[in-house]
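Right, here's the structure in full:
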């Protein structure tokens, strides 16, 4: 059965609209920051591990249980996405956001149970679209850096290639959730050859333009958004021409582009803009501390229990973090909430 070029075009358009809505949300809505500190490389490693392990765990569960788990996750994600919007509109966020999330989840489940696969697919797609906007904004506004996003894309590119082309992990997982409600795909059609984009692919398509806007500015955001839409359109064209016929690991094309864009903009900008500077509307990364600031930081008291010979992360006239190496001192500063790139010095 051939794939309709019109449907493939609609998928690329849907991705473009999703990116635009997420960018609008970023510009207009301030999400409450969760009490998780500042993102570090360890957090990215945990995200990667979750992506790798989840399909293996779900493969051991019945299809109905997988749908229930995904339905619960989507309901929670939709609720925390809608709550800030409703607050800004002057409504009581908690009851209205939970009501909307539960209503959408229940309607999707009811459509599936009553034999209306089209309705279940539409409901699932709407929930996924809202959830991706919220998750991408939560990560961006919580301090996820462009470098971390590039590292996540690089790691998932390798996994996507292995899981899709070298093993049958992805094929078995999507066979299990195919045509079920709350499946982790944005699908426009059903059947054996659905026109769809996976949840992980869609999340990175939306996420990188947001973190690029925060880290490097509007030009980087437009570049990232355009690259994502062009990759999606190119893959869709290959399906329309019959060059591709089975599942394609989209991240094998998107991941290297994300890494390349991050390296280009970091070199051009001289570093990433911090979340605090982005919120204040200030361009570029924080300037290096002046000699007076460094002198004040060196004169500041060192945290109690710091071993002799440790490295200190210095900035804002104080010691921001400590560690056995310069990199670990900077990491400790980020964990403590520092939103700048501190200078390091060694204790004597």
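In this note's numbering, the protein residues as written are 343 to 690.
Using N, Cα and C, we set each Cβ at its ideal position, and we do this for glycine too.
Nearest neighbour of residue 611, chosen from 661, 557, 553 [CA to CA]: Position 269 of the chain shown, counted from the first residue, corresponds to residue 611. Closest option to residue 611, judged by alpha-carbon separation, among 661, 557, 553: 557.
Report yes if the C-beta distance between residue 656 and residue 664 is below 7 Å; otherwise report no. Locating residue 656 in the chain shown gives position 314, counting from the first residue. Locating residue 664 in the chain shown gives position 322, counting from the first residue. In this structure, residue 664 does not lie closer than 7 Å to residue 656 by Cβ.
Would you tell me roughly how many angstroms separate the C-alpha atoms of residue 651 and residue 613, rounded to the nearest one? Translated into the one-based positions of the chain shown, residue 651 becomes position 309. Translated into the one-based positions of the chain shown, residue 613 becomes position 271. Each residue's alpha carbon lies about 28 Å from the other.
State yes or no: is the C-beta of residue 592 within less than 7 Å of the C-beta of residue 543? For the purposes of this step, residue 592 is identified with residue 250 of the chain shown, where counting begins at 1. For the purposes of this step, residue 543 is identified with residue 201 of the chain shown, where counting begins at 1. It is a contact, given that the beta carbons lie within the stated cut-off.
What would DSSP say about residue 686, mapped onto helix, strand or coil? By 1-based counting over the chain shown, the position of residue 686 is 344. Annotated three-state conformation of residue 686 is strand, per DSSP.
Are residue 515 and residue 397 touching if we call contact CB-CB under 7 Å? As a first step, residue 515 must be located in the chain shown, where it is residue number 173. As a first step, residue 397 must be located in the chain shown, where it is residue number 55. Yes. Within cutoff.
The alpha helix (DSSP H) enclosing residue 350, as first and last residue numbers: Within the chain shown, the letter at position 8 stands for residue 350. Looking at the DSSP string, the run of the alpha helix (DSSP H) that includes residue 350 is 347 to 370.
Starting from residue 463, trace the alpha helix (DSSP H) both ways and give me its first and last residue. Against the chain shown, residue 463 aligns to sequence position 121. Where residue 463 is concerned, the enclosing alpha helix (DSSP H) stretches over 459 to 483.
Suppose contacts are defined by Cβ-Cβ distances below 7 Å. Is residue 523 in contact with residue 449 by that definition? Translated into the one-based positions of the chain shown, residue 523 becomes position 181. Translated into the one-based positions of the chain shown, residue 449 becomes position 107. In this structure, residue 449 does not lie closer than 7 Å to residue 523 by Cβ.
Measuring straight from C-alpha to C-alpha, what distance separates residue 536 and residue 374? Indexing the chain shown from 1 puts residue 536 at position 194. Indexing the chain shown from 1 puts residue 374 at position 32. Distance between the alpha carbons of residue 536 and residue 374 is about 37 Å.
For residue 377, the three-state DSSP class (helix, strand or coil): Here residue 377 corresponds to residue number 35 of the chain shown, with the count starting at 1. Note on residue 377: pLDDT 49, under 50, position unreliable in the model; the coordinate value appears next. The DSSP-derived three-state label of residue 377 is coil.
Report the rounded CA-to-CA distance for residue 356 versus residue 670, giving the unit in angstroms. Start at 1 with the first residue of the chain shown, and residue 356 comes out as number 14. Start at 1 with the first residue of the chain shown, and residue 670 comes out as number 328. Straight-line spacing of the CA atoms in residue 356 and residue 670 works out to 42 Å.
Which residues in the same chain have their Cβ closer than 7 Å to the Cβ of residue 473, if we skip the five residues on either side of it in sequence? Here the question's residue 473 lines up with position 131 in the chain shown. By the criterion of a C-beta distance shorter than 7 Å, residue 473 is surrounded in its chain by 416, 419, 420, 423, once the five residues flanking it on both sides are discounted.
Unbroken alpha helix (DSSP H) run spanning residue 608, endpoints: Taking the first residue of the chain shown as 1, we reach residue 608 at position 266. Per DSSP, the continuous alpha helix (DSSP H) segment holding residue 608 begins and ends at 593 to 611.
So residue 482 and residue 553 are supposed to be a Cβ contact under 8 Å. How far apart are they, rounded? Counting from one through the chain shown, the residue named residue 482 turns up at place 140. Counting from one through the chain shown, the residue named residue 553 turns up at place 211. So it is a contact: roughly 5 Å between Cβ atoms.
Would you tell me roughly how many angstroms separate the C-alpha atoms of residue 560 and residue 489, rounded to the nearest one? Here residue 560 refers to the residue found at position 218 when the chain shown is read from its first residue. Here residue 489 refers to the residue found at position 147 when the chain shown is read from its first residue. Straight through space, the alpha carbons of residue 489 and residue 560 are spaced by roughly 17 Å.
Helix or strand or just coil, what does DSSP make of residue 539? One-based indexing of the chain shown puts residue 539 at position 197. DSSP, reduced to helix, strand and coil, places residue 539 within a strand of the structure shown.
Check whether the Cβ atoms of residue 577 and residue 590 lie closer than 7 Å to each other. Position 235 of the chain shown, counted from the start, is the residue given in the question as residue 577. Position 248 of the chain shown, counted from the start, is the residue given in the question as residue 590. In this structure, the beta-carbon distance from residue 577 to residue 590 falls below 7 Å.
Residue 597 to residue 390 span [Cα, whole Å]: For the purposes of this step, residue 597 is identified with residue 255 of the chain shown, where counting begins at 1. For the purposes of this step, residue 390 is identified with residue 48 of the chain shown, where counting begins at 1. Residue 597 and residue 390: Cα-Cα distance of roughly 14 Å.
By DSSP, does residue 675 sit in helix, in strand, or in coil? Counting from 1 along the chain shown, the entry for residue 675 is found at position 333. It is helical.
Quick one, are the C-beta atoms of residue 345 and residue 581 less than 7 Å apart? For the purposes of this step, residue 345 is taken as the residue at position 3 of the chain shown. For the purposes of this step, residue 581 is taken as the residue at position 239 of the chain shown. Yes; because the gap between Cβ atoms is below 7 Å, this pair is in contact.
Across which residues does DSSP place residue 527 in a beta bridge pair? Taking the first residue of the chain shown as position 1, residue 527 is located at position 185. When beta bridges are read from the DSSP output, residue 527 appears opposite 540.
Within 10 angstroms of its Cβ, does residue 413 collect 16 or more other Cβ (buried), or is it exposed? Here residue 413 refers to the residue found at position 71 of the chain shown. Looking at its Cβ environment, which holds 16 or more other Cβ atoms inside 10 Å, residue 413 is buried.
Identify which residue in 548, 507, 354, 446 has its Cα closest to the Cα of residue 495. Counting from one through the chain shown, the residue named residue 495 turns up at place 153. Sorting 548, 507, 354, 446 by C-alpha distance to the C-alpha of residue 495 places 548 at the top.
How about residue 463 and residue 532: do their beta carbons lie closer than 7 Å? Translated into the one-based positions of the chain shown, residue 463 becomes position 121. Translated into the one-based positions of the chain shown, residue 532 becomes position 190. Yes; because the gap between Cβ atoms is below 7 Å, this pair is in contact.
Rounded Cβ spacing between residue 425 and residue 436 (contact assumed at less than 8 Å): For this step, residue 425 is matched to residue 83 along the chain shown. For this step, residue 436 is matched to residue 94 along the chain shown. Yes, they are in contact, since the Cβ atoms of residue 425 and residue 436 sit about 7 Å apart, within 8 Å.
Residue 560 by DSSP, collapsed to three states: which one? Residue numbering aside, residue 560 sits at position 218 when the chain shown is read from its first letter. Here residue 560 carries a helix assignment [DSSP, helix/strand/coil].
Can you tell me which of the three DSSP states residue 408 falls into? Position 66 of the chain shown holds residue 408. The answer is helix: DSSP assigns residue 408 an H, G or I state.
Under the three-state DSSP convention, the category residue 667 falls into: Stepping through the chain shown from its first residue, residue 667 is reached at position 325. Of the three classes helix, strand and coil, the one that applies to residue 667 here is coil, per DSSP.
CA nearest to the CA of residue 353, picked from 528, 456, 372: As a first step, residue 353 is located in the chain shown; it is residue number 11 there, counting from the start. When 528, 456, 372 are compared, the shortest CA-CA separation from residue 353 is found for 528.
How long is the line joining the alpha carbons of residue 569 and residue 361, rounded to whole angstroms? Position 227 of the chain shown, counted from the first residue, corresponds to residue 569. Position 19 of the chain shown, counted from the first residue, corresponds to residue 361. Each residue's Cα considered, the two are about 11 Å apart.
By the three-class DSSP mapping on this structure, what secondary structure does residue 392 have? In the chain shown, residue 392 corresponds to position 50, counting from 1. Secondary structure of residue 392 (DSSP, three-state): helix.
Is residue 674 buried or exposed, if buried means 16 or more other CB atoms sit within 10 Å of its CB? Counted from its first residue, the chain shown places residue 674 at position 332. The residue is buried, with at least 16 neighbouring Cβ atoms inside 10 Å.
According to DSSP, what are the bridge partners of residue 708? In the structure as shown, the chain starts at 343 and stops at 690, and residue 708 therefore has no counterpart that could be examined.
Can you find the residues in the same chain that come closer than 7 Å, C-beta to C-beta, to residue 470, ignoring five residues on each side of it along the sequence? Position 128 of the chain shown holds residue 470. The residues are 416, 528, 541.
Of the residues 363, 616, 404, which one's Cα is nearest the Cα of residue 520? The residue labelled residue 520 in the question sits at position 178 within the chain shown. Ranked by Cα distance from residue 520, the options 363, 616, 404 are led by 404.
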